[in-house]
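See below for the structure under consideration.
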Amino acid sequence: MIGHDGLWTKTFRYITCLLLVTWLVLPLIPLGIWSVARGWFFPDLLPRMWTLDAWRYALSDTSGVLDALWLTIGISLAATVLSILVGVPAGRALGMYKFKGKEVIELMILAPTIVPGIAVVLGVHTVFIYLGLTNTVHGVILVHLIPTLPYMTLVMAGIFSNYDPAFEAQARSLGASPLKTFWYVTLPAIMPGIIVGGLFAFLVSWSQYILTLLVGGGRVVTLPLLLFNFATSGRNDITGAIGMIYILPGILILTLTAKQLSGRSGAVGGFGRI
Amino acid sequence: MTHVSIQELTKVYPGADAPALDRLSLEIASGELTALLGPSGCGKTTTMKMIAGLLEPTSGDVRFDDRSILRDKPEHRGVVMVFQNYLLFPYMSVADNVGFGLKMRKTDSAEIKRRVGEMLDLVKLPDLGDRRPSALSGGQQQRIALARALIVQPEVLLLDEPLSNLDAHLRFEMRDLIRSLQQEMGITTIFVTHDQEEAVVLADRVALILDGQMKQYDRADVFYKRPVDEATARFFGGHNFIPGKSAGGIFDGPLGRLSLADGAVEGAGKLTFRPENVRVGQGDGNNLSAKVADVIYLGTQTRLKLRVGETEIDAVVNPNEVEGFKPGDTVPIHLPPQTLWVIS
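Protein chains in written order, with our numbering: chain A, 1 to 274; chain B, 1 to 344.
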């Protein structure tokens, strides 16, 4: 009940809000400034000169930023679509049915979120070499499924645990084929989960570094790889510009889906299990 | 109009000791409204789902007009099932819900619109087409679920506990609606219920299923007058079961020699009679003298606990007939012969 909160609760809320802003937004400010600065050294509060050179370079053909951007979008979209295709049936099985060894399977699905990616990828790497999947975009998409699938599956398991399959029986009884039943009855019911899980999958794939680096072998240059190159070479201005481009999808997605993520929707229920 | 024949239908769930349904056989005349009655877990919903094609029977057959339908997919069976909790699709308007079955049959949209309108008129909710199902009351949802099922003109309609979620005053209204639509469209209808009152008020014939087996299949009144056994009689509210022996129209037992009507079972058995058929006062035959053990006033009727010797008898009578009766009184009663029935 708003209005009945004590002073302490109110203060606590402001403090957490402030901390959150400090933690999440403040680090981005220098990044933004850098992208339009020339010569910004220690004692100065602001740069001496302003310029759009870094942006001009970042958006030019020579930098490869735009190529990397399209490639990253492509890989992340593909990983998202595959995650949905695998995560929806898997989530249905976990959310709706009881079967032997369910706990073990749940743990195995969760494992990639607990075990460090680098530990997983060294094993995967050998297998991928054998299958000829290293240094290819396909290989990168496939390896991105390791961290994206747990999110997708768990979101869908949350959705399906609140889902009544009798609606499907009802649709069949009214004359719908299995395909039409899925399209008209199941899909609308699980859409919030697909959207939330899909966005998570997209963002998780978007931010992969180690997996892309090892499996892509440096041939598949996604935005985070490019960003890291510029960051280590000391070009703060270009790093700032690419950084701004890199965080754009995250901000867009968060603002677009704030409602679905607010915890009131059933779609985030599955995260209780993580 | 479709004749439904259920033959030795059996369902054993994997891992279960006893079959959920054990060799149920039932002939349902076309256009008839039949109740499958039984306590929860007796196998009646299982039966329904097997007819609808939502569950595979272990053995047995279901035939519509002498054609087995077990190989048909649920969407091609000509059966529509209405679930107990209505299951209106929450993402569609009421009109889209009602028109769903026609849309699946690729009826063109103008025709769907026309027939949805007709159907909404028929269930007396003509103005609710644009609403969401969540905006409807329980009774309205029930009507829409019925409209959605009837619009496809199924050969056989299945209803799962059609009255049990409704308030008392809505039950009779719904009963009349179901009966009138069913008769008008001539749809063979089977419904399941655990409530004997629901079965009696709605059905032409009732099949009583206890522990996965069919006990009796008859018109509703027969269950009161001529139950096949004690369990059946008890399910319909019978209380009086008196052991003894029946021979030549006379029942010999702890109440003495009582005369029976024609057609009674011969040999050792139990005498049973409805509490409401016990008469206070002298009558033609079977006169007894009973001691009043308890008088329970129930408003429109009064329940008497009586004792004849060591035998307890339950009676339900008109309150006016027993005004002033107190525990300990000795009163005359009689049991009209045509209301007595012997079960083996």
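Cβ atoms here follow ideal geometry from the backbone N, Cα and C, with glycine treated the same way.
In this text, all values refer to a predicted model and were calculated from it rather than measured experimentally.
query = Could you check where the alpha helix (DSSP H) with M119(B) kicks off and where it finishes?
reply = S109 to L122
Interface partners of V152(B) on chain A, CB under 7 Å = Under the 7 Å cutoff, chain A gives L174 and G175.
query = If you check the beta carbons only, do V82(B) and A149(B) fall under 9 Å apart?
reply = Yes, the pair counts as a contact, with Cβ atoms nearer than the cut-off.
message = Would you call the stretch 300-319 of chain B in contact with the stretch 253-264 of chain B, where contact means no fewer than 3 C-beta pairs closer than 8 Å?
response = As far as the Cβ criterion goes, the stretch 300-319 of chain B touches the stretch 253-264 of chain B, which means the pair count is three or higher.
request  = Please decide whether P188(A) counts as near chain B, where near means a Cβ-Cβ distance under 9 Å.
outcome  = yes
query = Using a Cβ-Cβ distance under 9 Å, would P74(B) count as near chain A?
reply = yes
message = Using beta carbons (cut-off 9 Å, strictly below), is V116(B) in contact with chain A?
response = V116(B) has a beta carbon lying at 9 Å or more from every beta carbon in chain A.
request  = Run down chain A in chain order and give the residues with a C-beta less than 7 Å from the C-beta of L87(B).
outcome  = A166, F167 and Q170
ask   = Taking only beta-carbon atoms, is F83(B) less than 9 Å away from chain A?
value = It does: the Cβ of F83(B) has a partner Cβ on chain A nearer than 9 Å.
message = With distance defined between alpha-carbon atoms, name the residue in R63(B), A20(B), G43(B) and V278(B) nearest to A29(B).
response = R63(B)
DSSP-derived helix/strand/coil call for M1(B) = The three-state reading of DSSP puts M1(B) in coil, since its state is none of H, G, I, E or B.
key: C-beta atoms of T47(B) and L21(B) nearer than 9 Å   = yes
query = Under three-state DSSP, which class holds D221(B)?
reply = helix
ask   = Hey, quick one: how far does the beta strand (DSSP E) through T188(B) stretch, first residue to last?
value = T188 to T193
message = Buried or exposed, going by whether 16 or more other CB atoms sit within 10 Å of the CB of D67(A)?
response = Result: exposed.
task = Consider the Cβ of Y97(A): report whether some Cβ of chain B lies at a distance smaller than 9 Å.
result = It does not: the Cβ of Y97(A) has no partner Cβ on chain B nearer than 9 Å.
ask   = From which residue to which residue does the beta strand (DSSP E) around K305(B) run?
value = T302 to V308
message = With three or more C-beta pairs closer than 8 Å as the rule, is the stretch 161-177 of chain A touching the stretch 72-79 of chain B?
response = With the cut-off at 8 Å, the stretch 72-79 of chain B and the stretch 161-177 of chain A touch.
query = Closest by CA to I347(B), which one among V220(A), G216(A) and G175(A)?
reply = Outside the shown range of chain B, which is 1 to 344, sits residue 347(B), and nothing can be said about it.
ask   = Would a check of beta-carbon distances place G60(B) closer than 9 Å to chain A?
value = no
request  = Please classify I194(A): does DSSP put it in a helix, a strand, or coil?
outcome  = helix
query = To which residues does DSSP link I333(B) through a beta bridge?
reply = V280(B) and L288(B)
query = Could you give the residue range of the alpha helix (DSSP H) that holds M81(B)?
reply = Note, M81(B): premise wrong, no alpha helix (DSSP H); beta strand (DSSP E) at V79 to V82.
message = Alpha carbons only, please: which of V155(A), V124(A), T62(A) and T51(A) is nearest the one belonging to L213(A)?
response = Distances from the CA of L213(A) to each of V155(A), V124(A), T62(A) and T51(A) were compared; the closest alpha carbon is that of V124(A).
ask   = At a Cβ threshold of 9 Å, is M119(B) touching chain A?
value = no
ask   = How would you list, in chain order, the residues of chain A whose beta-carbon sits under 9 Å from the beta-carbon of R105(B)?
value = G175
inquiry  = Which residues in chain A have a C-beta closer than 8 Å to the C-beta of L54(B)? List them in chain order.
reply    = A169, R172 and S173
inquiry  = Suppose only complete runs of 4+ residues qualify. What are the alpha helix (DSSP H) ranges in the stretch 194-272 of chain B, listed by chain order?
reply    = 196-202, 220-225 and 230-235
ask   = What's the gap between the Cα of F182(A) and the Cα of L18(A)?
value = 45 Å
message = Please state whether the Cβ-Cβ distance between L33(B) and F191(B) is less than 9 Å.
response = A contact, by the Cβ cut-off of 9 Å.
query = How would you list, in chain order, the residues of chain A whose beta-carbon sits under 8 Å from the beta-carbon of R143(B)?
reply = Residues of chain A passing the Cβ test: none, with the nearest at roughly 16 Å.
key: Beta-carbon spacing of L211(A), Y246(A) below 9 Å   = no
Spatial neighbours of A241(A) in its chain, beta-carbon cut-off 7 Å, leaving aside the 5 residues before and after = Same-chain partners within the cutoff: S35, A54, W55 and A58.
task = State the DSSP-derived secondary structure class of G272(A), mapped to helix, strand or coil.
result = Below a pLDDT of 50, predicted positions are generally treated as unreliable, and G272(A), at 48, falls in that range; the measurement from the model is reported next regardless. Shown here, G272(A) sits in a helix according to DSSP, grouped into three states.
key: Contact set for R279(B): own chain, Cβ-Cβ below 6 Å, skip 5 residues either direction   = The residues are H334.
message = Which residue wins for smallest C-alpha separation from R219(A), given the options N229(A), N135(A), T186(A) and V88(A)?
response = N135(A)
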